[in-house]
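Q: Got a structure here, written out as C-alpha cells. Questions coming.
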Amino acid sequence: MQTKLNVIVGAIAMTLSGVAMSQEVVKIGHVGPTSGGIAHLGKDNELGARMAIDELNAKGVTIGGKKVKFELLAEDDAGDPKQGTAAAQKLVDSKVNGVVGHLNSGTTIPASKIYSDAGIPQISPSATNPKYTRNGYKTAFRVVADDVHLGGTLGKYAVTTVKGKSIAVIDDRTAYGQGVADEFEKGVKAAGGKVVGREFTNDKATDFTAILTSLKGKKPDVVFFGGMDAVAGPMLRQMKQLGIEAKFMGGDGICTAELPKLSAGTMADNQVVCAEAGGVEGESKKSLDAFKSKFKEKYKVDVQIYAPYVYDAVNVMVAAMVKAGSAEPAKYLPVLAKTEGYKGVTGTIAFDDKGDIKNGALTLYTYKGGNREQLAVVR
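In full-length UniProt numbering, the protein residues as written are 1 to 379.
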C-alpha cells in the first residue's frame with residue numbers, strides 16, 4: 001500500500017514539475033528614479049508596473065499556446081543619465097523581453113539607443129522630450145503627448161486664458177526641463193505674448209534667490225518652470241518670501257500630488273497651473289478613477305501622476321505579445337508598432353510611425369486647498 005502511495009505521489013510530483021517546467025517566464029524591465037529627490041515619482045511608476053504584472057499573472061496569460069508567468073525586473077536610475085544607461089545595459093544583459101521606462105527624458109533618451117541596439121521594445125510612460133522618438137529607433141514608443149504639444153499648449157494658455165502680460169521662464173537644464181520650457185516660450189510668442197526673462201537653475205538646486213530677485217525686477221505676472229516638483233516646491237516657497245505673487249506654471253514634472261507638501265503650504269489657491277501629458281473625459285474617466293481606487297486599496301497611497309500610464313504600457317506590450325503569439329522581441333515588435341484602438345485606463349492607445357501616441361491629450365490642473373483640481377482636457 002505504501003509503495004503504491006509513493007508511486008502515486010511521485011507521479012503527481014512529476015506532473016506538477018512538468019507543468020512548472022512548461023510555464024515560460026517573460027521578463028519585463030522597469031526603470032525609474034526610486035532614489036533621490038523625485039523618488040516618489042519613480043516609486044509611483046514602479047507600483048503601476050507591479051500592479052499590471054500582478055493582475056496579468058492572476059489572469060493566467062497564454063502566449064503562443066503556452067501559459068506564461070511575468071516577472072518584473074525593476075531598476076533605479078536616480079534620474080541620472082549615466083545610471084540610466086547602466087540600468088538599461090543590466091536589463092539587456094538579463095535578457096528582458098521588453099522595457100517600460102524610463103521616467104525622465106534625460107535618462108530615457110540615452111537608454112533608448114541601448115535598447116535599440118539590442119532590439120528590445122521600450123515604452124516610456126512619461127518621457128516627453130520630442131527627441132526620444134525622433135532618433136529613428138524602431139523600438140521606442142511612448143503613451144503620452146510630447147513637449148511640442150504640452151509646452152506649446154501651456155504657452156498659449158498662459159496668454160489667452162491666464163492673460164499673462166509679462167511672462168518669465170525658468171528651466172533646470174535637463175532634457176525634459178529645458179525642452180518643455182523652450183516649447184512653452186514658443187507657444188507664448190506664437191500667441192502674441194511677451195517673455196520678459198529667461199533664467200536657469202539645475203535639478204538639484206534649493207536656492208533660487210538670485211534668479212528670482214532678477215526676475216522680480218521685471219514684474220512678471222506669470223512664472224513658468226521647466227523641471228520637477230522637488231525643485232518647484234522650494235521655488236514656490238522662495239517666491240512667497242520675496243513677495244512675487246505671479247501665477248506659477250509648469251509641465252507634468254510639477255503636476256503632482258506632492259507639490260503642495262513640497263511648497264510647504266505657500267501655494268495660494270489657483271496660483272499654480274500645470275499640465276499632465278495625458279487625459280480622459282466622459283466614460284473613459286470611469287476606468288481611470290477605478291484604477292486609482294484599486295491602486296490606493298492595494299498600496300495604501302494615492303497615485304502621484306504616471307502609474308496609470310505605466311500600467312497601460314505594460315498591458316499594451318503584453319497584448320502585442322499575445323497577438324504575435326510570441327514574447328520574443330523581434331516577433332512581437334512589429335505587432336506592437338501597429339497597435340490601434342487599445343482601450344487602456346488612460347484612454348485609447350495607438351502609435352504613429354515614430355512610436356508616438358496618436359491624438360495625445362493633455363489635462364490642465366490647478367490646486368485649491370492643497371488638492372489638485374482638473375481644469376480641462378485638451379488635444
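Cβ atoms here follow ideal geometry from the backbone N, Cα and C, with glycine treated the same way.
Taking the alpha-carbon of residue 363 as reference, which of 119, 117, 285 and 207 has the nearest alpha-carbon?
A: For the purposes of this step, residue 363 is taken as the residue at position 363 of the sequence shown. Answer by Cα proximity: 285.
Q: Suppose you measure from the CA of residue 319 to the CA of residue 359; what does that come to, to the nearest Å?
A: Taking the sequence shown and counting its residues from 1, the one referred to as residue 319 is at position 319. Taking the sequence shown and counting its residues from 1, the one referred to as residue 359 is at position 359. Approximately 21 Å, taken between the alpha carbons.
Q: Determine whether the beta carbon atoms of residue 232 and residue 254 lie at a separation below 8 Å.
A: Within the sequence shown, residue 232 is the residue found at index 232, counting from 1. Within the sequence shown, residue 254 is the residue found at index 254, counting from 1. Against a cut-off of 8 Å, the Cβ pair of residue 254 and residue 232 comes out as a contact.
Q: Would you kindly work out how many angstroms separate the C-alpha atoms of residue 378 and residue 235, rounded to a whole number?
A: By one-based count along the sequence shown, residue 378 stands at place 378. By one-based count along the sequence shown, residue 235 stands at place 235. So the two alpha carbons sit approximately 27 Å from each other.
Q: First and last residue of the alpha helix (DSSP H) that includes residue 69?
A: Against the sequence shown, residue 69 aligns to sequence position 69. Segment 66-76 is the beta strand (DSSP E) holding residue 69; no alpha helix (DSSP H) there.
Q: Is residue 84 closer than 8 Å to residue 172 when the C-beta atoms are compared?
A: Position 172 of the sequence shown, counting from 1, holds the residue named residue 172. Position 84 of the sequence shown, counting from 1, holds the residue named residue 84. No; because the gap between Cβ atoms is not below 8 Å, this pair is not in contact.
Q: Is residue 124 helix, strand or coil when you go by DSSP?
A: Here the question's residue 124 lines up with position 124 in the sequence shown. Strand, per DSSP.
Q: Which one or two residues does DSSP pair with residue 303 in a beta bridge?
A: As a working mapping, residue 303 is identified with position 303 in the sequence shown. Residue 303 is not bridged to any residue.
Q: For the beta strand (DSSP E) that contains residue 344, what are its first and last residues?
A: Against the sequence shown, residue 344 aligns to sequence position 344. Where residue 344 is concerned, the enclosing beta strand (DSSP E) stretches over 342-344.
Q: If residue 63 sits next to residue 317, beta carbons under 8 Å apart, how far is it from one beta carbon to the other, in whole angstroms?
A: Working through the sequence shown from its first residue, we reach residue 63 at position 63. Working through the sequence shown from its first residue, we reach residue 317 at position 317. Incorrect: roughly 12 Å between the Cβ atoms, too far for contact.
Q: Looking at the structure shown, is residue 40 part of a helix, part of a strand, or coil, going by DSSP?
A: Translated into the one-based positions of the sequence shown, residue 40 becomes position 40. Residue 40: helix per DSSP, three-state reduction.
Q: In this structure, what does DSSP give as the bridge partners for residue 274?
A: Within the sequence shown, numbered from 1, the residue matching residue 274 stands at position 274. In DSSP, residue 274 forms a bridge with 250 and 365.
Q: From 105, 73, 111 and 66, pick the residue whose C-alpha is nearest to that of residue 86; which is it?
A: Along the sequence shown, one-based indexing puts residue 86 at 86. Of 105, 73, 111 and 66, the residue nearest in Cα terms is 111.
Q: Which residues does DSSP list as the beta-bridge partners of residue 168?
A: Here residue 168 is taken as the residue at index 168 of the sequence shown, counted from 1. Note: residue 168 sits in a beta bridge opposite 197 and 223.
Q: So, are the CB atoms of residue 250 and residue 208 less than 8 Å apart?
A: Translated into the one-based positions of the sequence shown, residue 250 becomes position 250. Translated into the one-based positions of the sequence shown, residue 208 becomes position 208. No.
Q: Cα separation between residue 107 and residue 82?
A: Counted from its first residue, the sequence shown places residue 107 at position 107. Counted from its first residue, the sequence shown places residue 82 at position 82. Each residue's Cα considered, the two are about 8 Å apart.
Q: Determine the DSSP secondary structure at residue 208, reduced to helix, strand or coil.
A: Counting from 1 along the sequence shown, the entry for residue 208 is found at position 208. Three-state result, residue 208: coil.
Q: State the CB to CB distance for the pair residue 125 and residue 144, rounded to an integer number of angstroms; the pair is presumed to be in contact (CB under 8 Å).
A: Here residue 125 refers to the residue found at position 125 when the sequence shown is read from its first residue. Here residue 144 refers to the residue found at position 144 when the sequence shown is read from its first residue. Their Cβ separation, rounded to whole angstroms, is 7 Å, which keeps residue 125 and residue 144 in contact under 8 Å.
Q: Just how far apart, CA to CA, sit residue 23 and residue 53?
A: The count along the sequence shown starts at 1 and reaches residue 23 at position 23. The count along the sequence shown starts at 1 and reaches residue 53 at position 53. Near 16 Å, if we compare the C-alpha coordinates of residue 53 and residue 23.
Q: If you follow the beta strand (DSSP E) that residue 25 is part of, which residue opens it and which one closes it?
A: Against the sequence shown, residue 25 aligns to sequence position 25. Per DSSP, residue 25 belongs to the beta strand (DSSP E) from 24-32.
Q: In three-state DSSP terms, what is residue 265?
A: By 1-based counting over the sequence shown, the position of residue 265 is 265. Here residue 265 sits in coil by DSSP.
Q: Compare the beta carbon distance of residue 344 and residue 312 with 8 Å and say whether it is the shorter of the two.
A: Counting from 1 along the sequence shown, the entry for residue 344 is found at position 344. Counting from 1 along the sequence shown, the entry for residue 312 is found at position 312. The answer is yes: Cβ separation under 8 Å.
Q: By Cβ distance, which residues of its chain are closer than 6 Å to residue 408, with the 5 residues on each side in sequence left out?
A: The displayed coordinates of the chain run from 1 to 379. Any statement about residue 408 would go beyond what the structure contains.
Q: Can you tell me where the alpha helix (DSSP H) with residue 349 in it begins and where it stops?
A: Here residue 349 corresponds to residue number 349 of the sequence shown, with the count starting at 1. Premise fails: residue 349 lies in the beta strand (DSSP E), 347-349, not in any alpha helix (DSSP H).
Q: Which residue's Cα is closest to the Cα of residue 214: 244, 187, 153 and 265?
A: Here residue 214 corresponds to residue number 214 of the sequence shown, with the count starting at 1. The shortest Cα separation from residue 214 among 244, 187, 153 and 265 belongs to 244.
Q: Please go through the same chain and pick out, in chain order, the residues whose beta-carbon is closer than 6 Å to the beta-carbon of residue 31, but skip the five residues on each side of it.
A: Counting from 1 along the sequence shown, the entry for residue 31 is found at position 31. The answer, listed in chain order, is 75, 77, 87, 101 and 102.
Q: Give me the Cα-Cα distance between residue 99 and residue 325, rounded to the nearest whole angstrom.
A: Here the question's residue 99 lines up with position 99 in the sequence shown. Here the question's residue 325 lines up with position 325 in the sequence shown. Looking at the two C-alpha atoms, the distance is approximately 18 Å.
Q: Assign residue 151 to one of two classes, buried (16 or more other C-beta atoms within 10 Å of its C-beta) or exposed (fewer than that).
A: Taking the first residue of the sequence shown as position 1, residue 151 is located at position 151. So residue 151 counts as buried.
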